[in-house]
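Each residue of the sequence shown is one higher than the one before, starting from 431 at the first, in our numbering. C-beta: ideal position from N, C-alpha, C; glycine also. Working notes, beginning with the structure itself.
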Amino acid sequence: MKTALISGITGQDGAYLAEYLLSKGYNVLGIIRRLSTQNIERLSYLNIADKVKLLDGDILDLSSLIRILKDYKPGEVYNLAAQSFVGTSWQQPILTSNVTAIGALNLLEAIRLVDPSIKFYQASTSEMFGKIKETVQSETTPFHPRSPYGVSKLYAHWMTVNYRESYNMFACAGILFNHESPIRGLEFVTRKVTYTAARIKLGLQDKLSLGNIDTKRDWGHARDYVKAMYLMLQHDKPEDFVIATGRTTSVRDMCEIAFDYLGLNYEDYVVIDKELFRPAEVEILIGNPSKAEKYLGWKSRTTLEEMIKEMVEADLKRIKEEIKG
Ligand code: NAP
Ligand code: F7E
């Protein structure tokens, strides 16, 4: 039985990846940091909380990572742990750098010291392209990050490349464009929109405050994207891949899709709050996934419309259950 270790298992991608690896027959381990309250809602939502083994540790604590690798000997490590919200990265740039940049280095170092044959996946991001240098971004597009989060991810990305080149480690990075789901954090714009639109539909709220709705993103479904992570570690050599749909949509049009689904007009509810604009913005992203299609046989399956429908329905159901108590 193959054993995989996931850092960030309590997050959106960690939960879907755990579900996928379990379906492949893996023994799935996850690093869980000490919090004052337990945080396994997403694993419970997918009905897998009792199927994975959760291990105490922290991406900031090298000795905990070394202990886990020595004790449990995973063959694959997926580094999904991060302070992943771009907005917060301006409020907490040092915390973001410690977790998102140095955290990845801690895990690479732990692998190098304990067993450099362990395969390593780094969760890189389209935010590294930032102020884009090419209309459509691929593995060869130059980077220009626009936030402390993007800069931290770029450090982790190059460390992954460097450990591959320096120590011949099977270390690879997936440059993933935005991906969402019903278990996306409420602070991210898609979920903020589907959750608030559902509350408006149920008469619990009458306005949705947003920042810059003219930005555009290449949105896919997290359930599709975690499969690409797995495929990268099964590829015959460690390489980096862009994972995207190849379609870009504005926040405004995504709102329209969500409200339309509920029979509402978004223009009647959305208010623009300048406080929600970012100090530096990534105006538009659109990825070219052809390398992943060619070498991994991976393709995004879920359309934005299908995903938003799934998210709105899940939010309606959850809110109704909350009301019932
Ligand atoms: P997420 O929902 O924010 O999950 C982040 C995870 O990191 C959580 O499990 C969190 O644990 C964990 N974490 C934070 N600080 C930690 C620490 N000090 N030690 C150990 N774990 C820690 O993010 P996501 O959307 O699943 O994304 C997964 C990864 O992919 C992240 O690295 C993100 O930056 C990257 N990424 C995401 C996207 C996207 O569109 N979703 C695109 C490209 C790249 P707690 O639950 O305890 O907070
Ligand atoms: O913003 C605009 C906002 O926070 C998308 C993370 O997973 O994907 C994610 O980063 C866009 C931005 O995601 C609001 O200004 C307008 O232009 O959903 P988001 P993100 O910043 O693209 C990348 C690939 C990652 O790697 C990150 O970890 O929407 N926007 N109004 C808003 N955004 C938010 N959150 N809230 C608003 O009210």
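For residue j and residue i, the rounded distance between their alpha carbons
i      : j      : result
Phe707 : Lys432 : 45 Å
Val458 : Glu697 : 45 Å
Ser482 : Gly460 : Note that residue 482 is Val in the sequence shown here, rather than Ser. Cα-Cα distance, rounded: 7 Å.
Trp588 : Met558 : 11 Å
Arg653 : Ile478 : 15 Å
Phe607 : Pro546 : 28 Å
Thr732 : Val742 : 15 Å
Ile702 : Val623 : 13 Å
Glu506 : Asn592 : 18 Å
Leu726 : Thr679 : 26 Å
Phe387 : Val544 : There is simply no residue 387 to check, as the chain begins at 431 and stops at 755 in what is shown.
Gln521 : Ser556 : 21 Å
Ala628 : Ser730 : 26 Å
Arg763 : Ser494 : One cannot answer for residue 763 here, as it falls past the ends of the chain, which runs 431 to 755.
Glu751 : Leu634 : 14 Å
Ile524 : Asn536 : 16 Å
Pro578 : Phe618 : 17 Å
Leu538 : Ser453 : 27 Å
Leu663 : Glu740 : 29 Å
Ser720 : Glu564 : 16 Å
Leu484 : Arg677 : 37 Å
Glu449 : Tyr625 : 24 Å
Ile643 : Phe689 : 15 Å
Ser639 : Lys724 : 41 Å
Asp670 : Lys747 : 38 Å
Glu736 : Leu632 : 21 Å
Leu473 : Gly455 : 17 Å
Ile462 : Gln468 : 9 Å
Residue i and residue j closer than 8 Å at C-beta
i      : j      : result
Thr675 : Asp648 : yes
Leu734 : Ile673 : no
Gly604 : Tyr551 : yes
Lys437 : Asn509 : For clarity, residue 437 is Ser in the given sequence; the question names Lys instead. Yes.
Met684 : Ile749 : no
Ser554 : Asn718 : no
Arg576 : Ala744 : no
Leu447 : Val656 : yes
Ile470 : Ala540 : no
His665 : His609 : no
Pro668 : Cys602 : yes
Arg542 : Tyr597 : yes
Residue-chain proximity (residue i, chain B), Cβ-Cβ < 8 Å
i      : result
Leu435 : Annotation note: the requested chain B is absent from the structure, which comprises a single protein chain.
Bridge partner(s) assigned by DSSP for residue i
i      : result
Ile605 : Ser554, Val672
Lys646 : Ser680, Ile714
Leu663 : DSSP output for Leu663 lists no bridge partner at all.
Leu484 : Gly460
Glu506 : Ala434, Lys549
Glu743 : Per DSSP, none; premise fails for Glu743.
Glu720 : Going by the sequence as given, residue 720 is Ser instead of Glu. DSSP output for Ser720 lists no bridge partner at all.
Glu610 : His651
Ile702 : Leu640
Gln567 : Gly717
8 Å contact criterion, which residue i and residue j should meet: CB distance rounded
i      : j      : result
Ala658 : Ala586 : Ala658 to Ala586, Cβ: 18 Å. No contact.
Leu451 : Tyr660 : 7 Å
Tyr699 : Ile630 : 6 Å
Ala445 : Leu476 : 5 Å
Ala512 : Thr590 : The Cβ separation is near 13 Å, so there is no contact.
Ile548 : Gln442 : Rounded, the Cβ-Cβ distance is 24 Å, inconsistent with contact.
- Examine the Cβ distances between the segment 569 to 584 and the segment 522 to 540 and report whether three or more of them are shorter than 8 Å. yes
- May I ask you to verify whether the segment 704 to 718 touches the segment 632 to 648, counting CB pairs closer than 8 Å and requiring at least 3? yes
- Message: If contact is defined by three or more beta carbon pairs under 8 Å, each pair taking one atom from either stretch, is the segment 516 to 523 in contact with the segment 564 to 575?
- Response: no
- Taking contact to mean at least 3 C-beta pairs separated by less than 8 Å, is the segment 434 to 449 in contact with the segment 481 to 496? yes
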